[in-house]
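Numbering (UniProt numbering), first residue to last: 1 to 288. C-beta: ideal position from N, C-alpha, C; glycine also. Predicted model only: the values in this text are computed from it and were never measured. Down below is the structure, laid out as structure tokens.
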Amino acid sequence: MHRFYQIAKDAWISCRMVWHEFKNERVNFIAAGVAFYLLVALVPGLGAIMAIYGLVADPVDVERQILSMHTVLPEDVMSILNKELKSITGDNKAAGWGVLVGIALALYGGSKAMLAIITAMNVVFHRPDGRKFFKKRLVAIVLTICGIAFFSLMVGLLVGVPAVVAYLDPGWGTKFMIAVMRWMVLLGVMMLWMSVIFRFAPYQRSVKWKWISWGTFTGTMMWMIASAGLTWYAAAFSNFNKTYGSLGAIVLLLFWFYMTGFSLMVGARVDAVRETVTDAEEDELGSI
């Protein structure tokens with residue numbers, strides 16, 4: 001009973017600290033900045049994905065798999081991805097060193113969004129960044145590559161698994177179990193990606209790396225719920241094109257990027273607060 005009370009007390013203290021910090025740090029403005037750079041890095045990021053996959057697979061097949069994510073993204077967002085992917089696959093005719101140069105340039109452009117995320121993580125964890133320009137850019141590029149790997153795995157779970165299940169056509173019980181396990185693994189992949197960001201994006205965050213933490217769980221659940229809610233809202237109640245005209249799809253995509261950045265910062269703030277609470281408890285025990 002005492003253990004349960006202590007957990008509830010820590011959770012309440014953590015929630016109050018997270019709310020207080022968010023009011024002071026203007027997290028919504030920082031998340032908006034992250035969303036802007038994610039939008040700017042969209043085309044280079046897609047170019048990097050298509051170029052890397054083009055070394056081992058047909059880019060058209062990759063395009064088809066990415067566009068099969070319409071079940072989790074709003075229709076207007078998918079229309080933007082469809083347009084950009086067709087443009088990229090239509091221009092992707094280079095070979096040899098040209099492909100490698102294209103990948104390098106695409107990663108460099110896509111890493112701008114990761115630089116914005118690194119800045120956001122330093123703000124949340126209160127870490128003034130002392131890394132030099134090239135080291136910081138290298139960290140951003142490596143994290144961008146990791147992000148592409150995690151994104152590819154998520155696409156495989158969202159698209160590849162249902163295709164295999166449809167081909168095998170098992171019983172409804174097996175289909176249900178596979179669907180549940182697929183979403184559990186998807187949540188695990190998202191939490192793992194967030195744990196990588198929380199550990200390596202902030203400057204000199206010397207804590208033991210945890211695969212799953214309260215912060216990664218909170219951020220992942222917030223992102224999943226927000227994405228599903230935005231998809232449902234856009235399909236059921238709102239037509240952004242009526243309000244924003246030709247900019248409707250871009251506004252919707254920008255809003256989804258904003259929710260992604262905000263979820264990342266909420267999760268990071270939860271972990272930062274948990275570290276503060278844990279350190280305070282250890283100091284209190286040490287003084288006894």
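Helix, strand or coil for residue i per DSSP?
| i | result |
| --- | --- |
| proline 44 | helix |
| arginine 199 | helix |
| glycine 33 | helix |
| phenylalanine 125 | coil |
| tryptophan 211 | coil |
| aspartate 169 | coil |
| glycine 147 | helix |
| glycine 130 | coil |
| arginine 26 | coil |
| arginine 269 | helix |
| alanine 94 | For alanine 94, the pLDDT reaches just 48, beneath the cut-off of 50, and the residue's location in the model is therefore unreliable, leaving the point undetermined. |
| leucine 285 | Residue placement at leucine 285 cannot be trusted, given a pLDDT of 42 that sits under 50; the coordinates are not used to answer. |
Is the beta carbon of residue j closer than 8 Å to that of residue i?
| i | j | result |
| --- | --- | --- |
| serine 111 | isoleucine 141 | yes |
| valine 270 | glycine 215 | yes |
| alanine 228 | leucine 252 | no |
| methionine 121 | alanine 201 | yes |
| residue 347 | phenylalanine 198 | A query on residue 347 cannot be resolved here, the shown segment of the chain reaching from 1 to 288 and no further. |
| phenylalanine 257 | tryptophan 193 | no |
Identify, in the order they occur along the chain, each residue of the same chain with its Cβ nearer than 7 Å to the Cβ of residue i, setting aside the five sequence neighbours on each side.
| i | result |
| --- | --- |
| phenylalanine 217 | Met191 |
| glycine 116 | Here residue 116 turns out to be alanine, not glycine, going by the sequence shown. For alanine 116, where only same-chain residues beyond five positions count, the Cβ hits under 7 Å are Gly33, Val34, Tyr37. |
| glutamine 204 | Arg127 |
| alanine 272 | Val124, Phe125 |
| leucine 285 | With a pLDDT of 42 at leucine 285, under the threshold of 50, the modelled position of this residue cannot be trusted; read the value that follows with caution. The answer is none, since no qualifying residue turns up. |
| isoleucine 30 | Ala120, Val123, Met265 |
| serine 152 | none |
| glycine 173 | none |
Excluding the five sequence neighbours on either side, which residues of its own chain have a C-beta within less than 8 Å of the C-beta of residue i, listed in chain order?
| i | result |
| --- | --- |
| isoleucine 145 | Leu107 |
| lysine 175 | Val165 |
| serine 195 | Trp209, Lys210, Trp211, Ile212, Ser213, Thr216 |
| methionine 154 | Leu186, Val189, Met190 |
| valine 40 | Lys112, Ala113 |
| phenylalanine 133 | none |
| leucine 254 | Ala35, Phe36, Leu39 |
| aspartate 129 | Ile118, Thr119, Asn122, Lys136, Tyr203 |
| arginine 131 | Val139, Tyr203 |
Can you name, in chain order, every residue of its own chain whose Cβ lies under 6 Å from the Cβ of residue i, other than the five neighbours on each side?
| i | result |
| --- | --- |
| leucine 143 | Met114 |
| aspartate 283 | Unreliable placement is indicated for aspartate 283, whose pLDDT of 46 sits below 50; the coordinate value is still reported in the next sentence. Hits under 6 Å: none found. |
| alanine 226 | Met259 |
| valine 27 | Met265 |
Got a sec: is the Cβ-Cβ distance from residue i to anything in chain B below 8 Å?
| i | result |
| --- | --- |
| serine 227 | Any reference to chain B falls outside this structure, which holds one protein chain only. |
Give a yes or no on contact between the region 253-267 and the region 215-232, applying the rule of three or more CB pairs nearer than 8 Å. Result yes; three or more Cβ-Cβ pairs closer than 8 Å.
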